[in-house]
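Position one of the sequence shown corresponds to residue 7 (the numbering used here), numbered consecutively onward. Just so you know, even glycine gets a beta-carbon here, dropped at the ideal spot from N, CA and C. Report on one structure; see the data block that follows.
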Amino acid sequence: MRIPLAWLVFLVPLAPSALGQTVDVPPVVVSSLTHEHYLETTPPQQTVTRDMVSFPCAVGDCSGPGFTASIGQGSTVVVRFEAPAGQRFTVTRAPGGTQYFTTWAHWTTGTSDVNSNFATSVVTFEDLTGTAPLRTFDQSAVSNNGQVITCGQQFTVGGDFSFTAMNVEFTVNHVLPQVPRTYGVVNSTAANSFGSSRFVGGVASDATLMRIEPRAGLVPPVVISTLAHEHFVQAGPPQQTFTRDAVQFPCAAGACNGPAFSASIGQNSNLVVRYEAPTGFKFVLTRAPGGTQYFTAWAYWQTGTNDVISNFPTASISFDDLTGPAPTSTYSLNAVSNNGHAIVSENDFLVSGGCTFTALQVEFSVGHALAAQLRAYGAVNSYSAPSFGSTRVVPGLAADATLLTLEPISANQAFCFGDGLDTSHTSSCPCGNFGATGNGCANSTQPAGANLAATGAANPDTITLLGSGMPATAACIYLQGDARGDSTFGDGVSCIAGSLIRLRTKTSVAGASQFPDSTDTVTVSQRGGVTPGSGVLRYYAAYYRNASLGFCPPHTFNITNGRILRW
């Protein structure tokens, strides 16, 4: 399993100086970039190409809200730049000249003050692919009177790369009275403060350096919202009973969607095809006794030209939020035709047990010579029935059974238990330190392990995350992820992944803490950047210090069970 780079910060036990105060600056979300290309009129005459955004931004271009924080000596400040949900930043290395990737932002209390102390920052790119840029300049600082937070980095671009978010973390290393200060919205003392620029001596051609694009791939997801049930006995020999819960493409209005789209697909292009339950729902697959039961996912996009001459690359298949045994793949046809007119995705699985999941994702690469050019593909189609769902075939007569259903996901449910009984994840407590049913793995002071609960409603947001069962005065960090994971983490097991956000650092009293509490001015949804009523799923856990070197060495931290909230 690939662990996002953001986890690297958490894998190191917290230093004593960082235990008291972590200030999470509200994230700057960048949703659009401006492209410019011009030739300087004065020496040294250079061609400048930029794809960037300047802070403060026009409405909707970026956001970095104001906030109140007490920052003092030893405080750790976390600054975050994000692409919108489901999007990513892609930086292309253009030939010739010198190309930089730059981030620069500036929060102030309203008082002009630039007398800053410069702290070395730790920079991580989340979901990084390609060649990481090389940092050449760093100005991450809090001014000596605490009125200004400055965060600026410059990187040289040595190759193409993409990422979904950038985290900058630094610790205040000078004496500063720790009092509450109110910082205004993100601002900048330099234009073009997030993006990529290229400088070429003399006249040079235009190029696109940086863009914001969908993260999940080229093919729009197929959303399955209804299933049809059928049960019949085949009339002629061999007499068999068929039971199906499935949907056929093309579907009736509202039953499923796979919209038309345009894409440039060539050799080695990676395609991602997703079949999703509607927001807030999950697929529940049941293994009926007797006979042979299959699960099938099939879809077909084309440009309008009848062409099925395909190359058959090997696909990587994954189920989102899987609980129970995964179906076993028995047949895979995932292809792009040799002239690019058709995209085919078919996967058949043998069902050995019951499971639930929210989406099925198929990823494959075009494995034959195909010139990349823009083609317009029509809405999802199929020449096979049933094309998504489960089918059971039984010799002779057999009773009816429900095989596949769509069911609502609870708005607030626990998951990822370290009790040794939970089969929804495969990672085990690292020292056999299983906790009580429904808790995380045992820690040095609580054999039952720590627990994360949640009270309140999602819309409007009155959610409170409640951590208990931790060491008496342990520091803990409440975390949010936008995907499920499965990995050993310190003395415990973590099942949250994707884009991770530190919601807040708290110090336990008698082994318990909560977020938000009476000192907080933001809600869980505000801090996590989610919209109440949107129906999106987010995953939560609390990671805490367990400073007992003799308990399950070598790590000195542990984690609670997880919590799923549907907003």
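Inset, instruction - Return the Cβ separation of Thr96 and Ser168 in integer angstroms, given the expectation that the two are a contact with Cβ distance under 8 Å. - result: 4 Å
Inset, instruction - Determine the contact status of Val59 and Phe205, defining contact as a CB-CB distance below 8 Å. - result: no
Inset, instruction - Output the distance between the C-alpha atoms of Asn274 and Pro319, rounded to the nearest integer angstrom. - result: 10 Å
Inset, instruction - Could you check which residue in Thr292, Ala234, Asn552, Ala489 has the C-alpha nearest to that of Pro392? - result: Ala234
Inset, instruction - Using three-state DSSP, classify Arg99 as helix, strand or coil. - result: coil
Inset, instruction - Let me know the secondary structure DSSP gives Val178 once reduced to three states. - result: Val178 falls in the coil class under three-state DSSP.
Inset, instruction - Assign Gly26 to one of three DSSP states: helix, strand, or coil. - result: Confidence at Gly26 is low in this model, with a pLDDT of 44, below 50, so the placement of that residue is unreliable and no value is reported for it.
Legend entry - Proximity of Tyr549 and Cys501 at Cβ, strictly below 8 Å: no
Legend entry - Endpoints, the beta strand (DSSP E) within which Gly207 is located: 200-207
Legend entry - Own chain partners of Phe440 with C-beta closer than 7 Å, once the 5 adjacent residues on each side are dropped: Gly424, Asp425, Gly426, Cys447, Ala448
Legend entry - Identity of the residues DSSP links to Leu543 by a beta bridge: Arg572
Inset, instruction - State the DSSP-derived secondary structure class of Gln532, mapped to helix, strand or coil. - result: Shown here, Gln532 sits in a helix according to DSSP, grouped into three states.
Legend entry - With 16 other Cβ atoms within 10 Å as the buried cut-off, status of Pro33: buried
Legend entry - Cβ shell of Val399 (< 7 Å), same chain only, five flanking positions each side left out: These residues qualify, in order along the chain: Gln246, Phe248, Gly297, Thr298.
Inset, instruction - Label Phe421 either buried or exposed according to how many other C-beta atoms from any shown protein chain fall within 10 Å of its C-beta, with 16 as the threshold for buried. - result: buried
Legend entry - Span separating the alpha-carbon of Ile218 from that of Cys63: Answer to the nearest angstrom: the Cα atoms are 16 Å apart.
Legend entry - Ala375: CB within 7 Å of a non-hydrogen atom of the ligand ATP: Of the ligands one can find in the structure shown there are none, so the ligand ATP has no counterpart to examine.
Inset, instruction - Might you give, ordered along the chain, the residues of its own chain that have their beta carbon closer than 6 Å to the beta carbon of Ser38, omitting 5 neighbours on each side? - result: Asp67
Inset, instruction - With a 10 Å radius around its C-beta and 16 neighbouring C-beta atoms as the bar for buried, classify Pro139 as buried or exposed. - result: buried
Legend entry - Minimum C-alpha distance to Thr162 - residue among Thr142, Ser211, Thr329: Checked all of Thr142, Ser211, Thr329; the closest Cα to Thr162 is Thr142.
Inset, instruction - Have a look at Cys558 and Pro436 and give me their C-alpha separation to the nearest angstrom. - result: Those two C-alpha atoms are separated by around 8 Å.
Legend entry - Close Cβ partners of Tyr300 (< 6 Å) along its chain, the five nearest in sequence each way excluded: Answer for Tyr300: Asp354, Thr397, listed in chain order.
Inset, instruction - Using a threshold of 8 Å, state whether the C-beta atoms of Thr53 and Ala125 are closer than that. - result: no
Legend entry - Best match in Asp251, Thr117, Ala266 for proximity to Arg187 [C-alpha to C-alpha]: Thr117
Inset, instruction - List the DSSP bridge partners of Cys262. - result: Partner residues in the beta bridge of Cys262, as assigned by DSSP, are Ile230.
Inset, instruction - Would you grab the beta carbon distance between Gln79 and His180 for me? Rounded to a whole angstrom, and I think it's under 8 Å. - result: At roughly 6 Å, the Cβ-Cβ gap stays under 8 Å, so Gln79 and His180 are in contact.
Inset, instruction - Alpha carbon to alpha carbon, how far is Val192 from Ser493? Give it in angstroms, no decimals. - result: Rounded to whole angstroms, the gap between the alpha carbons of Ser493 and Val192 is 36 Å.
Inset, instruction - Apply the 10 Å Cβ neighbour rule to Leu14 and answer buried if 16 or more other Cβ atoms are within range, or exposed otherwise. - result: Reliability of the predicted coordinates at Leu14 is poor, the pLDDT of 31 falling under 50, and no value is obtained from them.
Inset, instruction - Out of Ala516, Ala456, Ser450, Ala454, point me to the one whose CA is closest to Thr479's CA. - result: Minimum Cα distance to Thr479 is reached at Ala516.
Inset, instruction - Drop a sphere of 10 angstroms on the beta-carbon of Asp406, count the other beta-carbons inside from all chains shown, and report buried for 16 or more, exposed for fewer. - result: exposed
Legend entry - Asn340 in three-state terms, based on DSSP: strand
Inset, instruction - Please list the segments of the beta strand (DSSP E) lying wholly inside the stretch 412-491, counting only runs of 3 or more residues, in order along the chain. - result: 418-421, 457-461, 470-474, 481-487
Inset, instruction - Measure the Cβ-Cβ separation of Ser122 and Ala89 and say whether it is below 8 Å. - result: No, the Cβ-Cβ distance between Ser122 and Ala89 is not below 8 Å.
Legend entry - Neighbourhood of Phe363 by C-beta distance below 7 Å, restricted to the same chain and skipping five residues each side: Lys288, Phe289, Phe325, Asp326, Asp327, Leu328
Inset, instruction - Would you please state the rounded distance, in angstroms, between the beta carbons of Ser351 and Asn344? I believe it to be under 8 Å. - result: Actually they are not in contact, since the Cβ atoms of Ser351 and Asn344 sit about 17 Å apart, beyond 8 Å.
Legend entry - 8 Å Cβ cutoff met for Ala75 and Val29: yes
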